[in-house]
Amino acid sequence: MSVLGVLVRQLLRFGLYAGMQVFIVGQLSLFGLGWCFLYLGFVLFLPLGTPIVLQLLLGFGMGLAMDISYDTGGLHAAAAVLLAYLRPWVLRLLTPRDGYDAQDTVNVHQMGWQWFMVYLLLLVSLHHVAYFFLELGSFQHPLLTLARVGVSILFTSTALLIVQLLFFPVRRTRS
């Protein structure tokens, strides 16, 4: 695929994730305690070969778009940049014995359930801890904040897993 094709595809993904978050998912709450941050899928499901600087810029751009939409003063941008920064570290931590292929993507069908769930839960958890403690601005109510973090992790992870299962293709090898 050409560079222009990749760029257009990523711009469409950006618009789709941002639009779904702002217009549909952002209105959902689980027991008034947990929220779904579907827009994280944009950063989490970037191609494995994406340079770190580009990941940081895309994370900042997506976070800034959410901050503008929800008037959250940089909370989403800060947490999304942290997510984009930690993503390569987690990918290195989870590198298969044979390494990643050039064509590999973050895909539950391609990487396997165990790899994908560790990747997803670890990065979503780190993002949510950063986001909710930044939102609170202190450690005054740690149990309520941890409850919000836990419920939101489950809500976001479940939504992103559903996105993976519905919209990411199963690549079958020919034998």
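Read in the UniProt record's numbering, the sequence shown has 18 at position 18, and its numbers run on one by one without any break.
C-beta: ideal position from N, C-alpha, C; glycine also.
Item	Value
Local Cβ density within 10 Å of residue 156, reported as buried at 16 or more and exposed below that	buried
C-alpha gap between residue 119 and residue 91, whole angstroms	8 angstroms
Residue nearest to residue 25 in terms of C-alpha spacing, selected from 165, 168, 160, 4	160
For residue 5, the three-state DSSP class (helix, strand or coil)	helix
Other residues of its chain near residue 138: CB distance less than 8 angstroms, five sequence neighbours each side excluded	none
Buried or exposed (CB count within 10 angstroms, at least 16 for buried), residue 128	buried
Helix, strand or coil at residue 73 [DSSP, three-state]	coil
Nonlocal neighbours in the same chain, by C-beta distance under 6 angstroms from residue 48, ignoring five residues either side	100, 104
Three-state secondary structure assigned by DSSP to residue 99	coil
For residue 59, three-class secondary structure by DSSP	helix
Neighbourhood of residue 22 by C-beta, 6 angstroms cutoff - its chain only, sequence neighbours within 5 removed	69
Runs of beta strand (DSSP E) wholly within the region 103-169 (minimum 3 residues, chain order)	none
Cα-Cα separation between residue 109 and residue 115, rounded to whole angstroms	10 angstroms
Touch test, the region 27-35 against the region 47-67, Cβ-Cβ under 8 angstroms, three pairs minimum	no
Between the CA atoms of residue 11 and residue 89 - distance to the nearest angstrom	25 angstroms
Simplified DSSP assignment, three categories, for residue 33	coil
Distance between residue 73 and residue 112 (C-alpha atoms, nearest Å)	37 angstroms
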